[in-house]
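Down below is the structure, laid out as C-alpha cells.
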Amino acid sequence: MAISKITKQAAKTPKAKAAKTRKAPSVAEPGKVLKRPRYTRAETLEIFQRFHADNPEPKGELDYVNAFTLLVAVVLSAQATDVGVNRATKTLFQIADTPEKMVALGEDRVREEIRTIGLFKTKAKNVILLSEQLIRDHGGEVPDDREALELLPGVGRKTANVVLNIYFGHPTIAVDTHLFRLGNRIGIAPGKTPLEVEKAMEKAVPMEFSLHAHHWLILHGRYICKARKPECRRCVIYDLCRSPEREHFDAIPEIALKTAALVAAGKTCLDD
Ligand code: SF4
C-alpha cells in the first residue's frame, strides 16, 4: 500500500480523530499571540518572588533630580537608550531643573544639549511646550494624574505610567519594547498591542509585586531575556519559563536553583 494511503487511513482512526480535536497546549510558536497566560496564579507568584529575591529594590536607569526632570528624561528616552539620555541630560538638568528654567533656556539651547539623541528636534520642541503647559495649567508642578499627564506634548500612556510609577508610587505598568516582548514570549501577559499587554500584566501580577513589576520586567528584558537571543543560562525563572524560545540545558542553571531556594526559605519575602 502506498505510504500516502496508509497515512490517510490512519488519520481516520478514532485515536487520530481525538488527537485532531484535542485543544492545543498553551505553548504557542514564537511570534504567535496566546489567548491567555501560560501560568497558574501560583506559578506567576513564584516568578515574581524570584525576581524579588534576586533584586528586592529594582531601580530605573534614567537620571533625574525631581518629578520634572524625570518627566523630561522619559520623554527624551523614546527610541533612545537610558545611557544616551543620561549623557545628554547631565548638563541640561544642571542648568534647567524646573519648567520655568527650561522655558528661559529656550528651544535652540535645549536642542543643542540633546542633539546626540534620536528625534532631538521634535523632542526639544516638546520639552519647551510641556514646560509652558506645566506653568500655565499646573503652577509649574508635574501632576499626579494620568489624564493631565497625557495632555502634555510628547507624553503618551507609557511615559505617564513611568512617571506615575517611579515618582508618585502608583502600581502602573509601562509597556515598552521589553515588556511587550516578555509578555508574549514568556506568555505571562500576552497581547497584540501594548495596551492589551498592560491590561494582561495588571491582571497577572500579584498585588504585592505590582509596584516593582515594571522595573523587574524591563531589567529582565534588557539584560537577560534579550530580544535577539535570551540568556537562559543566567535566568532566575528558567525552570518556570514555558517559552518555546527557552534554551534547553541538561540541568537547571545554578542561578535559578539558588533563587528558588531563597524563595523557599522565605529569605527575601516582602514581609521580612
Ligand atoms: S528561560 Fe530564557 S526565554 Fe525564558 S524567561 Fe528566561 S531568558 Fe527568557
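Take the sequence shown: its letter number 80 is residue 80 in UniProt numbering, and every next letter is one higher. Glycine included, each C-beta is placed from N, C-alpha and C at the ideal position. Everything numeric in this text was worked out from a predicted model, so none of it was measured.
Suppose contacts are defined by Cβ-Cβ distances below 8 Å. Is A256 in contact with F48 by that definition? For the purposes of this step, residue 256 is taken as the residue at position 256 of the sequence shown. For the purposes of this step, residue 48 is taken as the residue at position 48 of the sequence shown. Not in contact: A256 and F48 (Cβ atoms no closer than 8 Å).
Distance, G106 Cα to V72 Cα: One-based indexing of the sequence shown puts residue 72 at position 72. One-based indexing of the sequence shown puts residue 106 at position 106. Straight through space, the alpha carbons of G106 and V72 are spaced by roughly 15 Å.
Span of the alpha helix (DSSP H), counted from its first residue to its last, around S131: Counting from one through the sequence shown, the residue named residue 131 turns up at place 131. Per DSSP, S131 belongs to the alpha helix (DSSP H) from 120-138.
Would the stretch 136-150 and the stretch 107-120 be scored as touching if the rule is three or more Cβ pairs under 8 Å? no
Would you kindly work out how many angstroms separate the C-alpha atoms of K121 and T89, rounded to a whole number? Residue mapping note: residue 121 aligns to position 121 of the sequence shown, counting from 1. Residue mapping note: residue 89 aligns to position 89 of the sequence shown, counting from 1. About 15 Å.
Buried or exposed, going by whether 16 or more other CB atoms sit within 10 Å of the CB of F68? Your numbering for residue 68 matches position 68 in the sequence shown. Label assigned to F68: buried.
Report the residue from L149, R185, Q94 whose alpha carbon sits nearest the alpha carbon of G221. Locating residue 221 in the sequence shown gives position 221, where the first residue counts as 1. Per the Cα distances, R185.
Spatial neighbours of T116 in its chain, beta-carbon cut-off 8 Å, leaving aside the 5 residues before and after: Translated into positions along the sequence shown, residue 116 becomes position 116. G84, R87, A88.
For G266, count the other beta carbons within 10 Å of its own beta carbon; 16 or more makes it buried, fewer makes it exposed. Which is it? Taking the first residue of the sequence shown as position 1, residue 266 is located at position 266. The residue in question, G266, is exposed, as its Cβ has fewer than 16 Cβ neighbours within 10 Å.
Taking the Cβ atom as the reference point for each residue, do A200 and G187 lie within a distance shorter than 8 Å? Start at 1 with the first residue of the sequence shown, and residue 200 comes out as number 200. Start at 1 with the first residue of the sequence shown, and residue 187 comes out as number 187. One thing to note: A200 has its Cβ no nearer than 8 Å to the Cβ of G187.
A96 to V33 span [Cα, whole Å]: By 1-based counting over the sequence shown, the position of residue 96 is 96. By 1-based counting over the sequence shown, the position of residue 33 is 33. Straight-line Cα distance between these residues: approximately 44 Å.
So, at 6 Å on beta carbons, what are the nonlocal neighbours of L92 in its own chain, with the 5 sequence-adjacent residues on each side left out? Walking along the sequence shown from the start, residue 92 turns up at place 92. Correct list, in chain order: E113.
Determine the direct distance from the alpha carbon of A189 to that of R36, and round the result to whole angstroms. Here residue 36 is taken as the residue at index 36 of the sequence shown, counted from 1. Here residue 189 is taken as the residue at index 189 of the sequence shown, counted from 1. Cα to Cα, the separation comes out at about 7 Å.
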